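Chemist:
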Ligand code: F6R
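Numbering (my numbering), first residue to last: 13 to 252.
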């Protein structure tokens, strides 16, 4: 994995936004894979600034988000659809009907998972996938386990993830216990992947990315198999 070490979060956010800009310059109708969580927020802010200055155009872009809590409705302020609206979509010139987030409020979740993978394939596959990383090494909500899933699937969240995400809720009890997430195959099929990691709490997970081994105990290590995966981390995540 190519690694870019940044002095701080600000620089990490700028580096990420520059890679997105380079992608859209090369292919204005790119298919972007997007992530939620706190890490990409700074990068989204830079993308918004570039868009508002006329330096970055999203008018031909399609996006697929990695995951969504389950069950949850899209208008719930804790949903990832709502997060994307507030932190990116409503500030840029992306066509809303070309932004996709797995549905967290369907009756037949298996059907929704198949539909989501088919929609990614029908769009031509993801050109550039943005990822954050969990403290436990999860990407999307592919949590550490003996087996990982290839396709989009419903997954229980680990206690570590529920605790880490409790900061966005009034109490830990309110954090949904499940999510619909893209699987490892959908992520690894992306032509370029950028993984953002910031802060000391990510040092353990980042360390696992820096040697030559892969393990399903740290799903992010599978990115080492990808020919074009870039880790962008700050010094705190890199050095601990
Ligand atoms: C979010 C996602 C998660 C987060 C990860 C890190 O769509 O898929 O894998 O990227 O939990 O979250 P933050 O950035 O909040 O530390």
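Yeah, the Cβ is synthetic: ideal placement off N, Cα and C, and Gly gets one too.
Note that the structure is predicted; figures quoted are calculated from it, not measured.
Could you give the uninterrupted runs of the beta strand (DSSP E) lying entirely in the region 54 to 106, keeping only those of 3 residues or more?
Modeler: Within the region 54 to 106, the runs of beta strand (DSSP E) at least 3 residues long that lie entirely inside it are, in chain order, 74 to 77 and 79 to 82.
Chemist: Return the chain-ordered ranges of every beta strand (DSSP E) run that is complete within the region 18 to 55 and spans a minimum of 3 residues.
Modeler: 43 to 46
Chemist: Between residue 55 and residue 99, what straight-line distance do the alpha-carbon atoms span, to the nearest angstrom?
Modeler: To locate residue 55, count along the chain shown from 1; it is residue 43. To locate residue 99, count along the chain shown from 1; it is residue 87. When rounded, the distance between both Cα atoms is 10 Å.
Chemist: Please confirm whether any heavy atom of the ligand F6R lies closer than 7 Å to the CB of residue 216.
Modeler: On the chain shown, residue 216 is found 204 positions in, with the first residue counted as 1. Outside the cutoff, so no.
Chemist: Kindly indicate which residue of 184, 162, 164 and 163 has the alpha-carbon position closest to the one of residue 170.
Modeler: Numbered from its first residue, the chain shown carries residue 170 at position 158. Ranking 184, 162, 164 and 163 by Cα distance to residue 170 puts 184 first.
Chemist: Return the first residue and the last residue of the alpha helix (DSSP H) that residue 173 is part of.
Modeler: Sequence index remark: in the chain shown, residue 173 carries index 161 (1-based). It spans 171 to 177 - the alpha helix (DSSP H) in which residue 173 sits, taken as one unbroken run.
Chemist: Going by the C-beta, is residue 153 closer than 7 Å to any heavy atom of the ligand F6R?
Modeler: Sequence index remark: in the chain shown, residue 153 carries index 141 (1-based). Yes, Cβ of residue 153 sits closer than 7 Å to a heavy atom of the ligand F6R.
Chemist: Take residue 152 and list the residues in its own chain whose beta-carbon comes closer than 7 Å to its own, dropping the five residues that flank it on each side.
Modeler: Numbered from 1 along the chain shown, position 140 holds the residue referred to as residue 152. Cβ within range, chain order: 78, 79, 193, 194 and 199.
Chemist: Compare the Cα-Cα distances from residue 115 to each of 84, 168 and 67 and report the closest residue.
Modeler: Here residue 115 is taken as the residue at index 103 of the chain shown, counted from 1. Ranking 84, 168 and 67 by Cα distance to residue 115 puts 84 first.
Chemist: Could you tell me whether any non-hydrogen atom of the ligand F6R is closer than 7 Å to the CB of residue 79?
Modeler: For the purposes of this step, residue 79 is identified with residue 67 of the chain shown, where counting begins at 1. Yes, Cβ of residue 79 sits closer than 7 Å to a heavy atom of the ligand F6R.
Chemist: Kindly indicate which residue of 196, 137, 37 and 111 has the alpha-carbon position closest to the one of residue 156.
Modeler: Your numbering for residue 156 matches position 144 in the chain shown. The option with the nearest alpha carbon to residue 156 is 196.
Chemist: In the DSSP output, which residue or residues are listed as bridge partners for residue 112?
Modeler: Numbered from its first residue, the chain shown carries residue 112 at position 100. Paired residues: 76.
Chemist: Do residue 242 and residue 16 have their C-beta atoms within less than 8 Å of each other?
Modeler: If you number the chain shown from 1, residue 242 lands on position 230. If you number the chain shown from 1, residue 16 lands on position 4. A contact, by the Cβ cut-off of 8 Å.
Chemist: Any heavy atom of the ligand F6R closer than 7 Å to the Cβ of residue 150?
Modeler: To locate residue 150, count along the chain shown from 1; it is residue 138. Checking the Cβ of residue 150 against the ligand F6R gives yes.
Chemist: Leaving aside the five residues before and after residue 91 along the sequence, list all residues of the same chain whose C-beta is less than 7 Å from its C-beta, in chain order.
Modeler: Numbered from its first residue, the chain shown carries residue 91 at position 79. Excluding residues within five positions, the ones whose Cβ falls inside 7 Å are 80, 81, 84, 85 and 116.
Chemist: Let's see if you can read the secondary structure: which residues bound the alpha helix (DSSP H) around residue 132?
Modeler: Translated into the one-based positions of the chain shown, residue 132 becomes position 120. Residues 121 to 135.
Chemist: So what does DSSP say about residue 223, is it helix, strand or coil?
Modeler: Working through the chain shown from its first residue, we reach residue 223 at position 211. It is coil, neither helix nor strand.
Chemist: Do residue 71 and the ligand F6R come close, with the Cβ less than 7 Å from some heavy atom?
Modeler: Translated into the one-based positions of the chain shown, residue 71 becomes position 59. No heavy atom of the ligand F6R is found nearer than 7 Å to the CB of residue 71.
Chemist: Expressed to the nearest angstrom, what Euclidean distance is found between the alpha-carbon atoms of residue 110 and residue 73?
Modeler: The residue labelled residue 110 in the question sits at position 98 within the chain shown. The residue labelled residue 73 in the question sits at position 61 within the chain shown. Taking the straight line joining both Cα atoms gives about 7 Å.
Chemist: Taking 7 Å as the cut-off, is the beta-carbon of residue 50 closer than that to any non-hydrogen atom of the ligand F6R?
Modeler: Stepping through the chain shown from its first residue, residue 50 is reached at position 38. Yes, Cβ of residue 50 sits closer than 7 Å to a heavy atom of the ligand F6R.
Chemist: So, helix, strand or coil for residue 235, using DSSP?
Modeler: Position 223 of the chain shown, counted from the first residue, corresponds to residue 235. Helix, per DSSP.
Chemist: Could you pull out every residue in the same chain whose Cβ sits closer than 8 Å to the Cβ of residue 60, ignoring the five residues on either side in sequence?
Modeler: For the purposes of this step, residue 60 is taken as residue 48 along the chain shown, with counting starting at 1. Excluding positions up to five away in sequence, the list reads 100, 103 and 104.
Chemist: Per DSSP, what are the beta-bridge partners of residue 245 in this structure?
Modeler: For the purposes of this step, residue 245 is taken as the residue at position 233 of the chain shown. Answer is 17 and 209, bridged to residue 245.
Chemist: Is residue 252 a contact residue of the ligand F6R, with contact defined as CB to any heavy atom under 7 Å?
Modeler: Taking the chain shown and counting its residues from 1, one reaches residue 252 at position 240. Closer than 7 Å to some heavy atom of the ligand F6R: that does not describe the Cβ of residue 252.
Chemist: Could you check if residue 64 is buried or exposed, using at least 16 other CB atoms within 10 Å of its CB as the buried criterion?
Modeler: Your numbering for residue 64 matches position 52 in the chain shown. Residue 64 comes out exposed.
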